[in-house]
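Protein chains: 2
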Amino acid sequence: MFRDESEFVRWLQARAPRGNSHLKLGIGDDAALVEVRRGHELILTTDMSIEEVHFSPRLHSPRSVGHRALARSLSDIAAMGGTPRYALVSLALSRSAKRAWVNAFYEGLLALAQAFKVSLIGGDTAAVSGSTLIDVLVAGEILRGRALRRSSARPGELLYVSGRLGWSALGLRLLESQPRERASGKLARVRTQGASRMPWAEPACAPEAIQAHLYPQPQCALGRYLAVRRLATAMIDLSDGLSTDLNRLCEASGVGARVWPERLPQPYLEDPHDSLQLALHGGEDYQLLFTVDPRQASRLPARFRRIPLHHIGEITRAKKVVLRQATGREKTLRPQGYDHFRRFKVSW
Amino acid sequence: MFRDESEFVRWLQARAPRGNSHLKLGIGDDAALVEVRRGHELILTTDMSIEEVHFSPRLHSPRSVGHRALARSLSDIAAMGGTPRYALVSLALSRSAKRAWVNAFYEGLLALAQAFKVSLIGGDTAAVSGSTLIDVLVAGEILRGRALRRSSARPGELLYVSGRLGWSALGLRLLESQPRERASGKLARVRTQGASRMPWAEPACAPEAIQAHLYPQPQCALGRYLAVRRLATAMIDLSDGLSTDLNRLCEASGVGARVWPERLPQPYLEDPHDSLQLALHGGEDYQLLFTVDPRQASRLPARFRRIPLHHIGEITRAKKVVLRQATGREKTLRPQGYDHFRRFKVSW
Numbered sequence: 001m002f003r004d005e006s007e008f009v010r011w012l013q014a015r016a017p018r019g020n021s022h023l024k025l026g027i028g029d030d031a032a033l034v035e036v037r038r039g040h041e042l043i044l045t046t047d048m049s050i051e052e053v054h055f056s057p058r059l060h061s062p063r064s065v066g067h068r069a070l071a072r073s074l075s076d077i078a079a080m081g082g083t084p085r086y087a088l089v090s091l092a093l094s095r096s097a098k099r100a101w102v103n104a105f106y107e108g109l110l111a112l113a114q115a116f117k118v119s120l121i122g123g124d125t126a127a128v129s130g131s132t133l134i135d136v137l138v139a140g141e142i143l144r145g146r147a148l149r150r151s152s153a154r155p156g157e158l159l160y161v162s163g164r165l166g167w168s169a170l171g172l173r174l175l176e177s178q179p180r181e182r183a184s185g186k187l188a189r190v191r192t193q194g195a196s197r198m199p200w201a202e203p204a205c206a207p208e209a210i211q212a213h214l215y216p217q218p219q220c221a222l223g224r225y226l227a228v229r230r231l232a233t234a235m236i237d238l239s240d241g242l243s244t245d246l247n248r249l250c251e252a253s254g255v256g257a258r259v260w261p262e263r264l265p266q267p268y269l270e271d272p273h274d275s276l277q278l279a280l281h282g283g284e285d286y287q288l289l290f291t292v293d294p295r296q297a298s299r300l301p302a303r304f305r306r307i308p309l310h311h312i313g314e315i316t317r318a319k320k321v322v323l324r325q326a327t328g329r330e331k332t333l334r335p336q337g338y339d340h341f342r343r344f345k346v347s348w
Numbered sequence: 001m002f003r004d005e006s007e008f009v010r011w012l013q014a015r016a017p018r019g020n021s022h023l024k025l026g027i028g029d030d031a032a033l034v035e036v037r038r039g040h041e042l043i044l045t046t047d048m049s050i051e052e053v054h055f056s057p058r059l060h061s062p063r064s065v066g067h068r069a070l071a072r073s074l075s076d077i078a079a080m081g082g083t084p085r086y087a088l089v090s091l092a093l094s095r096s097a098k099r100a101w102v103n104a105f106y107e108g109l110l111a112l113a114q115a116f117k118v119s120l121i122g123g124d125t126a127a128v129s130g131s132t133l134i135d136v137l138v139a140g141e142i143l144r145g146r147a148l149r150r151s152s153a154r155p156g157e158l159l160y161v162s163g164r165l166g167w168s169a170l171g172l173r174l175l176e177s178q179p180r181e182r183a184s185g186k187l188a189r190v191r192t193q194g195a196s197r198m199p200w201a202e203p204a205c206a207p208e209a210i211q212a213h214l215y216p217q218p219q220c221a222l223g224r225y226l227a228v229r230r231l232a233t234a235m236i237d238l239s240d241g242l243s244t245d246l247n248r249l250c251e252a253s254g255v256g257a258r259v260w261p262e263r264l265p266q267p268y269l270e271d272p273h274d275s276l277q278l279a280l281h282g283g284e285d286y287q288l289l290f291t292v293d294p295r296q297a298s299r300l301p302a303r304f305r306r307i308p309l310h311h312i313g314e315i316t317r318a319k320k321v322v323l324r325q326a327t328g329r330e331k332t333l334r335p336q337g338y339d340h341f342r343r344f345k346v347s348w
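Heads up: the protein sequence lines correspond to chains A and B, in order.
Here the first sequence stands for residues 1 to 348, numbered as in our numbering.
Here the second sequence stands for residues 1 to 348, numbered as in our numbering.
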């Protein structure tokens, strides 16, 4: 693997993006040393990515695993309205993993870090007898007092979601159903062969959905925009599906919500029921779900950069989340996204 | 285990120590929010504790596992001269673990957190099919410009170590050699039966050594004292044994060192060679190894609180670490502590 500790540290130092003037001391000492800018608060979040829970070597290339492991934590910073600055990566690597896997894993992780100007400043690495596990800590900054919580939604506020829902779950379904040779890294090659040569039926949005699953883009710029301009009142990121995360936001705020299903930005599938299920319960979209004071709604643009902002419902006093159908009938929307608890998986 | 996510979060919130006025938002949102005091820098460090690498259910009670997992990261903060403030704990729990294990694990971790006024502000929890793994991130603070690095030792400086060396390794050896019913949690009960009833030979310092192994005390107050008063010039914590960590300090500083073996605070064993080997290569003592400018040496007390500070050697220009015996002969001291690399275990 690596000859010794120094070799690994030098290898990482050569790859870790630099150029952050607030970083005083990075990889290689007992701990990292950074400066938090005056008038700012520090945001800290950590997320594990576990083989056969969050990723599978059959479906996810190591590059995608690295990207997704960091994206999970970046999305938590986005959900507070913050700017991610630093990452620490703990990698418990299965003994069966090869050096090439480690190379590509860090390539994926560091490419995303560079895109978000995040410095890799530390971590821990070990070989383990079981599955590979990655724990990523991200530290971010936000102007004092501007962080958006999930607990501050109030009845009467408007409910918005960014981007698209259910695309990552659709991408995962496509990856799972496809012949093995098309999995993960081989996608680009197969796409160039043209759709007519694909031996299985897929919707027109397949390549985009697979990309959304393998390389999700955390909405940090949007989160910061909503927080700094005080456009949103509460916010959460969609990591476990709308039905689960909306219920979390409502529970934390002591409110309920009414969602209009026809407003949800669903994937285009032949079966509209299937589309809706993906939009309601599909996880890992890493979009932002936020609430807006109706008096501020006119200040909210229809798009932020190229990301559409959809008005999908409203916050209610009744402490339950309902879907309001076009007929006027209401149906309770229970958490049915990625079930943290059947697998005893808790983010806190 | 836990019925749902809310139950787990409430359970933890009820146990997590509070009272930190700089904590804006703890467990329960997308991320935690803290304030770093003006004129201070932030220290970040993360360390994994892995079943059958760092602990074994045969030897370590869950209370000790929790204590040790946090102690590793606190010691890194101590090594920078900082004050630990916040912890995030990622727990990948073996499916075979019981609720009682989780309870006692957090009890041990939170008792140490409380003793060091560290707030548990977040984390991640999941069940895994393999071994249990814990990753602890600690964030600390230090006055701007006062952090002690491992790279700033200069030739001619004096080399010091705090406390005792080799006691944790001795404690581990005693735990491994003892009958199963005496392991970990049962220690207190057996000790009350009196030494005469112990069926195996042990040195007089056995209970202290076992305590040092199961419940190591990170030297945060000493580290802060040395940093804030500018008494030390470089510092590292002894997690992997003197021979390994001293070589790291020397390599980072581009210097060498000469160590006088008779000055090392060794455990009292019948075989003096055995004592010395434990002091040189035994890991997990979590003492501080630091260098002092000779012009400042008179300002350094013989003890800090009740911890003795031992002058064990000097920093040299020649880039190697040697043991200087009473006869005047010198012998190279190579890293032989806990071998990170045979197990591919890298802290960075």
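Every residue gets a Cβ at the ideal spot worked out from N, C-alpha and C, and that includes glycine.
Just so we're clear, the structure is a prediction, and the values are computed from it rather than from any experiment.
Tell me PHE290(B)'s beta-bridge partners as DSSP assigns them.
Residue pairing by DSSP puts PHE290(B) in a beta bridge opposite TYR160(B), MET235(B).
Is the beta carbon of LEU280(A) less than 8 Å from the beta carbon of LEU238(A)?
no
Write down every uninterrupted run of the alpha helix (DSSP H) in the region 13-99 of chain B whose length is 4 residues or greater and which is fully enclosed by it, in chain order.
62-80
Using alpha carbons as the reference points, say which of ILE142(A), SER56(A), THR316(A), HIS67(A) lies closest to LEU175(A).
SER56(A)
Taking the alpha helix (DSSP H) that ASP245(A) belongs to, which residues open and close that run?
242-253
On the criterion of 16 or more Cβ atoms from any shown chain inside 10 Å, does GLU270(B) qualify as buried, or is it exposed?
exposed
Which stretch, first to last residue, makes up the alpha helix (DSSP H) that contains GLU284(A)?
It is not in any alpha helix (DSSP H) - GLU284(A) carries neither H nor E in the DSSP assignment.
Taking contact to mean 3 or more Cβ pairs, one atom from each stretch, closer than 8 Å, check whether the region 80-94 of chain B and the region 121-136 of chain B are in contact.
yes
Between which residues of its own chain and ALA16(B) is the CB-CB distance below 6 Å, once the five residues before and five after are set aside?
LEU120
Excluding the five sequence neighbours on either side, which residues of its own chain have a C-beta within less than 7 Å of the C-beta of ALA14(A), listed in chain order?
none
Could you tell me if ASP352(B) is buried or exposed, where buried requires 16 or more neighbouring beta carbons within 10 angstroms of its beta carbon?
The shown model of chain B, from 1 to 348, leaves out residue 352(B), and the question about it has no answer.
When you compare each of TYR225(B), ILE50(B), ILE236(B) to SER349(B) by their alpha carbons, which one comes out closest?
Beyond the ends of chain B as shown, which are 1 and 348, falls residue 349(B); an answer cannot be given.
Just to make sure I have the definition right: I need the residues of chain B whose C-beta is within less than 8 Å of the C-beta of SER6(A). Which are they?
GLU251
With C-beta atoms as the reference, is VAL118(B) less than 8 Å away from VAL138(B)?
yes
Is it buried or exposed for HIS273(B), if we count other Cβ within 10 angstroms and need 16 for buried?
exposed
Per DSSP, VAL138(B) is paired with what?
THR45(B), ALA87(B)
Any heavy atom of the ligand COA closer than 7 Å to the CB of GLY39(A)?
This structure simply doesn't include the ligand COA, nor any ligand for that matter.
Do you know offhand how far ALA206(A)'s Cα is from ARG58(A)'s?
18 Å
Taking C-beta pairs closer than 8 Å, name the residues in chain B that ASP271(A) reaches, listed in chain order.
Simply none; closest approach about 31 Å.
Exposed or buried, what is GLU262(A) when buried is set at 16 or more other beta-carbons lying within 10 Å of its beta-carbon?
exposed
Quick one: residues in its chain with C-beta nearer than 6 Å to the C-beta of ALA252(A), no 5 flanking neighbours on either side, listed in chain order?
When the five nearest sequence neighbours on each side are left out, the beta carbons in the same chain lying within less than 6 Å of the beta carbon of ALA252(A) are those of ARG150, SER151, in order along the chain.
Could you tell me whether the region 209-224 of chain A touches the region 162-174 of chain A, using the rule of 3 or more Cβ pairs below 8 Å?
A contact exists between the region 209-224 of chain A and the region 162-174 of chain A.
Please classify SER6(B): does DSSP put it in a helix, a strand, or coil?
Under the three-state reduction of DSSP, SER6(B) is assigned to helix.
Taking PRO107(A) as the query, report the chain B residues whose CB atoms sit under 7 Å from its CB, ordered along the chain.
A small correction: the amino acid at residue 107(A) is Glu; Pro does not occupy that position in the sequence shown. Near GLU107(A) there are no residues of chain B at all, since even the closest Cβ is about 18 Å away, more than 7 Å.
THR83(A) and GLY122(B) look like a contact to me (Cβ under 8 Å); what is the Cβ gap, rounded to whole Å?
With a Cβ gap of about 18 Å, THR83(A) and GLY122(B) do not count as contacting.
For the alpha helix (DSSP H) containing GLU176(B), list its first residue and its last residue.
Membership of GLU176(B) in the alpha helix (DSSP H) is indicated by the continuous run 167-177.
Start and end of the alpha helix (DSSP H) containing GLU208(A)?
206-214
Could you tell me the distance, in whole angstroms, from the CA atom of LEU278(B) to the CA atom of PRO203(B)?
14 Å
In terms of residues, what are the limits of the alpha helix (DSSP H) holding LEU323(A)?
Counting along the chain, LEU323(A) falls outside any alpha helix (DSSP H), though it belongs to the beta strand (DSSP E) covering 321-324.
Compare the C-beta of ARG10(B) with all C-beta atoms of chain A and state if any pair is closer than 8 Å.
Taking 8 Å as the threshold, the shortest C-beta distance from ARG10(B) to chain A does not fall below it.
According to the neighbour-count rule (16 or more other Cβ atoms, all chains shown, within 10 Å of its Cβ), is ALA299(A) buried or exposed?
According to the sequence displayed, residue 299(A) carries Arg and not Ala. Burial call: exposed.
Which same chain residues end up closer than 7 Å to ALA97(B) when comparing Cβ atoms and leaving out the 5 residues on each side of it in sequence?
THR132
Output, in sequence order along the chain, the residues in the region 141-156 of chain A whose CB is closer than 8 Å to any CB in chain B.
ILE142, ARG144, ALA147, ARG149, ARG150, SER151
Suppose contacts are defined by Cβ-Cβ distances below 8 Å. Is ALA234(B) in contact with LEU148(B) by that definition?
Yes, the Cβ-Cβ distance between ALA234(B) and LEU148(B) is below 8 Å.
Give me the Cα-Cα distance between GLU208(B) and PRO216(B), rounded to the nearest whole angstrom.
Going by the C-alpha atoms only, they are around 11 Å apart.
Measure from the alpha carbon of PRO155(A) to the alpha carbon of each residue in GLN114(A), ARG317(A), GLY283(A), LEU143(A), then state which is nearest.
ARG317(A)
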